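Participant:
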Amino acid sequence: MARAAYKPPERHNFLIARYFARQEFDECLEVVETALEEESGGLNEYPLTVKAMILRQQGRIQESLQLFQAATCLNPGNIANLKQVGHSLYLLGKHKAALDVYGEASDVVVVANSAARSEVDWEIHHNSGLCHAHLKQYEEAIACFTRANAICRHDDTFLQLGKVYQQQDRHADALRVYQDALDFSPENPELLCMVGLTYLRLDDHQRAFDYLGNALAFDPKNAKAILAAGSIIQDNGEMDVALHKYRVAAATQAPHSPQLWNNIGMALFGKGKRVAAVSCLKRALYLDPFEWIIAYNLGLVHLHTAQFASAFHHLSASINLKPDYAATFMCLGIALANLDDPGNAVDAFKKSLSLEDAHLTRLNFALVLFNQGRHSDAKSHLDAFTKLASALDATDDLHADTFDRATVLDSMLSSS
Amino acid sequence: MDPFWLALSHFKRRDYERCASLCEGLLKQQPGDQAALLLQCRARTGQNVEDDTELEEEGVADLMLDENAVSTKPRPGTSTRPTTSSAGGVDRPVSGYLRPGTASRPITAKADVAAALARPTSTARPITSLGRELRLGTASGASQALDGLFNRGRVDATTMAKNQAAAKVGCDYLLRHERNPTAALDLCTAALLEETRTSWWWKYRQGRCYYQLGLYRDAENALSASIREQRMVPAVLELAKVYLRLDQPTAALAVLHAALAESPDNVRLTMWVARVHELVRSVELSVGTYKKVVELDASHVEGLACLAASNFYAGYPEIGLRFYRRLLQMGVAGPEIWTDVGLCCFYSSQFDMALGCLTRALQLADDNPDVWYNIGHVAIGLGDKDFASQAFNIALSLDNTHAESLTNLGVLAIRDHDAASALACFASAQNHAADSSLFQPFFNGALVARKLGNLKDACTLVSKSCEINADHPDSNDLKKELLRIFHIT
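Quick mapping for you: the protein sequence lines, in order, are chains A and B. Going by full-length UniProt numbering, the first residue of the first sequence is number 1, and it counts up by one from there. Going by full-length UniProt numbering, the first residue of the second sequence is number 1, and it counts up by one from there.
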């Protein structure tokens, strides 16, 4: 009697591994199914794991989690499976449960490597850090990420650590993290872009621009970098260059970005193309009606086109969304003064001054008061303006117009 | 006064009801009075005239049970069926958008309803167009017993066809009043055997009978034959309608253009060309044709309304406003028009006017959820969040399945950092938006889910959003990002 030849249960594994590596998932799943059917009623670790991985890539996380858990039951000592269970839980948003699993996994690691305790898995720490970050336990998250980096350095860990610092508004720390990461991988456009943005937050425009330029050199279509670099260029008054940058972003990367359209609108406004500016800003406002700065900009452009009623509407909308920005009230005051509502105009200027004592507000207030015939009040505000403006460079082009007007007003006040 | 003369006078003044009752009296005295019989037929026909050249909306049942389309996967631009990939981005909702022509004729619509209530044979428009013919037929079945003018048991088709003039009246009577296309078809066939001089007329009627019976291929043959003999505009329009039913807009356009070559300034033909272009979503061509329609007839309601809507969606609300104003001047006033005017004002940043117009719309519409929804939008534009959420809540209280309002309430909840109620709003919006082209609740829900860390739900939702609108770049970006996270293990 011929005995049935012994068939090792892992005989399908090489095929599964090959299909999986070649990303031929349909064929892979077929082999997995046969392997699971033939051998021990589905109790086969490797096919289970591979099937779970494929299901995850298709976005079926819940089923994938169950399969990983089954694989863990078959072989409780396999850390890889435990880690996958943790990751699935993380993807499902069950961060606490994921943290428990990761704790268990690191226990297993410690038992396995009791001889060399330091040799622990960076991935466990990285992923625990992600969970802590989502649970807003920032200190624990930072500790986890630092430990992960101590074992093995990864761009992703650096980026996440930086993000945690930024969520706590610790920009200097974030910058230090990003700089460390750049030492490790100097050509990562994402990192370069983040460094640039952090410098921008710390108001160091020159360095920010250098890093953003670098980021664009490696990835010329990075919408975030284009937008940031464009805004710096725009701040320096080179509208055409900025528009050229934005064109790349608008055409290819982010046609529905309200910030982008806002910047395009203001660049066009800077070039004096007001109608085009209004239509771009309107598009931006259509895309994000809750962004106060777009409404403010629209109000500003309408002030320049002498459409004071429209300006008033947009400025009041902006104030509804952000009631503590001084410049909005100043513009509102100008609009109201031109709409023949002197009482409310004066109130708006007073509100603006109570928020911030700015030289432009003083000058505009003085002008409005002068036009109302209240010369002594105008004089006092003009004096306040002179005091505030003495810190500014009068020869600068940006301020030339302001000083001209102040001089004219001064001479008119003294002659009357 | 001679009652027959009086009846004729009433007929000329289109007072069909009195004319018919006078004839009724005449026929009671003298049952064999042919003249009275014919006049009564014409009066009854006149009562039931509706515009056959009107574009018919295909109902859900028609679409589901449709076996006429030649190809289930037509090439782009050759079918009127919506395709998923042709959604035109966020700027112009293609399938969620009513044809302005049909929506903005409230006066005629109201007259229709009033007439339908007054008459036992209802002509209110039901959901399926073929169903309409059938239903109308059954409705008039009751009245048949009352007058029974053409007692077809006594007068058969062949005898009737001998007298051409009477037969024509009879044919129209059968088609329009009795809604009996089978009998009318018999008459047509008999008449075509009798006479050849006006056979185009009979063939046209034959085509209409076939169309009403749902035999589109036969209708096509009959109508083409009629046009070959004598090109008449109604026949051409009927043929175009048949082609649209067969889902062959290109053939319909060819017929219309051939007719236009002969009479280039015909408004109805031009209108139809524009409609067909719009149905196959070649917006620019249709707008150009609508412009021509308005040039030919400066007070063409549908043309003006379509031009206004297309200008509005093309980002020229001020120009749209001018067309709407013209419509208002012409006396076409309804909630839809006032809403549109309000929105045009809003987008040309005349907020005070916008609210005034929307209030007008509310007065006319008796609390319509759509109007309240638009008021909510204006409130968002004013930056008044409380007013906005109140408006959306009112819209929901009027129609608790108003998905757009639910979505916007969700967005407002996000603004108040209330993720849980935002998710609830989006979830119920998703339930109600299942059959429309609304992808926003799915996309917004995905964003909130990702923020909360539930990447799996985020992925499911964003996939759904991509399914509905494949051209939304933000959805695609989010999906790519999520799949990347899934791949890295």
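Cβ atoms here follow ideal geometry from the backbone N, Cα and C, with glycine treated the same way. Quick caveat, the model's predicted, so the values are computed rather than measured.
Mind pulling the chain A residues with CB within less than 7 Å of Phe351 (chain B)?
Facilitator: Ordered by position in chain A, the residues that pass the 7 Å Cβ test against Phe351 (chain B) are His313.
Participant: With 9 Å as the limit, tell me which residues of the region 282–295 of chain A have their beta carbon closer than that to any beta carbon of chain B; keep them in chain order.
Facilitator: Residues passing the 9 Å Cβ filter: Lys282, Arg283, Leu285, Tyr286, Leu287, Pro289, Phe290, Trp292, Ala295.
Participant: Quick one: grab the DSSP three-state call for Arg205 (chain B).
Facilitator: DSSP places Arg205 (chain B) in helix when its eight states are reduced to three.
Participant: Shorter than 8 Å from the beta carbon of Leu455 (chain B) to some beta carbon of chain A?
Facilitator: Yes, because at least one Cβ of chain A sits closer than 8 Å to the Cβ of Leu455 (chain B).
Participant: Could you tell me the distance, in whole angstroms, from the CA atom of Ser140 (chain B) to the CA atom of Tyr373 (chain B)?
Facilitator: Note that Ser140 (chain B) scores a pLDDT of 43, beneath 50, so its modelled location is shaky; the value from the coordinates is reported in the next line. Cα to Cα, Ser140 (chain B) sits roughly 41 Å from Tyr373 (chain B).
Participant: When the Cα atoms are used, what is the spatial distance from Leu483 (chain B) to Phe68 (chain A)?
Facilitator: Taking the straight line from one Cα to the other gives about 19 Å.
Participant: Please tell me whether Leu398 (chain B) has its Cβ less than 8 Å away from any Cβ of chain A.
Facilitator: No - not a single Cβ of chain A is within 8 Å of the one on Leu398 (chain B).
Participant: Return yes when the C-beta of His402 (chain B) is under 7 Å from any heavy atom of the ligand PLP, and no when it is not.
Facilitator: This structure lacks the ligand PLP; in fact it carries no ligand of any kind.
Participant: Just the Cα atoms here: how many angstroms apart are Pro289 (chain A) and Gly214 (chain B)?
Facilitator: The straight-line gap from Cα to Cα measures roughly 50 Å.
Participant: Just mark Asp383 (chain A) as buried or exposed, buried being the case when its beta carbon has 16 or more other beta carbons within 10 Å.
Facilitator: Counting Cβ neighbours within 10 Å, Asp383 (chain A) comes out exposed, since fewer than 16 surround it.
Participant: Quick one: give me the first and last residue of the alpha helix (DSSP H) that Val448 (chain B) is part of.
Facilitator: Run containing Val448 (chain B): 440–452, per the alpha helix (DSSP H) assignment.
Participant: How far does the alpha helix (DSSP H) with His359 (chain A) in it extend, from its first residue to its last?
Facilitator: Where His359 (chain A) is concerned, the enclosing alpha helix (DSSP H) stretches over 359–371.
Participant: Just how far apart, CA to CA, sit Val195 (chain A) and Thr250 (chain B)?
Facilitator: Cα to Cα, the separation comes out at about 57 Å.
Participant: Listed in chain order, which residues of the region 376–398 of chain B have Cβ atoms closer than 9 Å to some Cβ of chain A?
Facilitator: Against chain A - using a Cβ distance shorter than 9 Å - the residues of the region 376–398 of chain B are His377, Ile380, Gly381, Leu382, Gly383, Asp384, Lys385.
Participant: Identify, in the order they occur along the chain, each residue of the same chain with its Cβ nearer than 8 Å to the Cβ of Asp204 (chain A), setting aside the five sequence neighbours on each side.
Facilitator: So the list is empty, once near-sequence residues are dropped.
Participant: Within the 8 Å Cβ cut-off, does Gly299 (chain A) reach chain B?
Facilitator: Not one chain B Cβ lies under 8 Å of Gly299 (chain A).
Participant: Taking DSSP as the reference, what is the three-state secondary structure of Tyr216 (chain B)?
Facilitator: DSSP places Tyr216 (chain B) in helix when its eight states are reduced to three.
Participant: What residue range is occupied by the uninterrupted alpha helix (DSSP H) comprising Gln57 (chain A)?
Facilitator: 45–57 is the extent of the alpha helix (DSSP H) around Gln57 (chain A).
Participant: Just the C-alpha distance for Phe20 (chain A) and Cys28 (chain A), rounded to the nearest angstrom, thanks.
Facilitator: Going by the C-alpha atoms only, they are around 6 Å apart.
Participant: Taking the beta carbon of Ala42 (chain B) as the centre, do at least 16 other beta carbons fall within 10 Å, making it buried, or is it exposed?
Facilitator: Contrary to the premise, residue 42 (chain B) reads as Arg rather than Ala in this sequence. Its Cβ being crowded by 16 or more others within 10 Å, Arg42 (chain B) is buried.
Participant: With three or more beta-carbon pairs closer than 8 Å as the criterion, would you say the region 211–218 of chain A touches the region 424–444 of chain B?
Facilitator: Touching, no, given that fewer than three Cβ pairs across the two stretches are closer than 8 Å.
Participant: Going by CA-CA distance only, name the one from A:Thr157, A:His134, A:Cys152 that's closest to Phe145 (chain A).
Facilitator: Looking at the Cα atoms, A:Thr157 is the closest of the given residues.
Participant: In this structure, how does DSSP classify Gln234 (chain A) when only helix, strand and coil are distinguished?
Facilitator: Helix at Gln234 (chain A).
Participant: Measuring alpha carbon to alpha carbon, tell me which of A:Leu43, A:Ser279, A:Gly86 ends up nearest Ile124 (chain A).
Facilitator: Answer by Cα proximity: A:Gly86.
Participant: Within 8 Å of any Cβ in chain B, is that where the Cβ of Ser118 (chain A) sits?
Facilitator: Its pLDDT being 46, under 50, Ser118 (chain A) is placed unreliably by the model, and nothing is read from it.
Participant: So the alpha helix (DSSP H) Ser316 (chain A) belongs to, where does it begin and stop?
Facilitator: It spans 308–321 - the alpha helix (DSSP H) in which Ser316 (chain A) sits, taken as one unbroken run.
Participant: How far does the alpha helix (DSSP H) with Tyr211 (chain A) in it extend, from its first residue to its last?
Facilitator: It spans 205–218 - the alpha helix (DSSP H) in which Tyr211 (chain A) sits, taken as one unbroken run.
Participant: By the 10 Å Cβ neighbour count, where 16 or more other Cβ atoms means buried, how is Arg247 (chain A) classified, buried or exposed?
Facilitator: Result: exposed.
Participant: With a 10 Å radius around its C-beta and 16 neighbouring C-beta atoms as the bar for buried, classify Arg275 (chain B) as buried or exposed.
Facilitator: By the 10 Å Cβ count, Arg275 (chain B) comes out buried.
Participant: In angstroms with no decimal places, state the Cα-to-Cα distance between Leu315 (chain A) and Trp261 (chain A).
Facilitator: Whole-angstrom Cα-Cα distance: 19 Å.
Participant: Cutting at 6 Å between CB atoms, please list the residues of its own chain near His206 (chain B), excluding the five before and the five after it.
Facilitator: It should be pointed out that residue 206 (chain B) corresponds to Gln in this sequence rather than to His. So the qualifying residues of the chain are Cys188, Ala222.
Participant: Starting from Asn13 (chain A), follow the alpha helix (DSSP H) in both directions and report where the run begins and ends.
Facilitator: Run containing Asn13 (chain A): 13–21, per the alpha helix (DSSP H) assignment.
Participant: Give the residues of chain B in contact with Leu92 (chain A), contact being defined as C-beta atoms less than 7 Å apart.
Facilitator: Those are Asn454, Lys456, listed as they occur along chain B.
Participant: Just reading off the alpha helix (DSSP H) that Ser463 (chain B) is part of, what are its end residues?
Facilitator: First-last of the alpha helix (DSSP H) with Ser463 (chain B): 455–468.
Participant: Counting only Cβ pairs nearer than 8 Å, list the residues of chain A close to Thr460 (chain B).
Facilitator: Correct list: Gly59.
Participant: Can you tell me where the alpha helix (DSSP H) with Ala308 (chain B) in it begins and where it stops?
Facilitator: Here the alpha helix (DSSP H) through Ala308 (chain B) covers 301–313.
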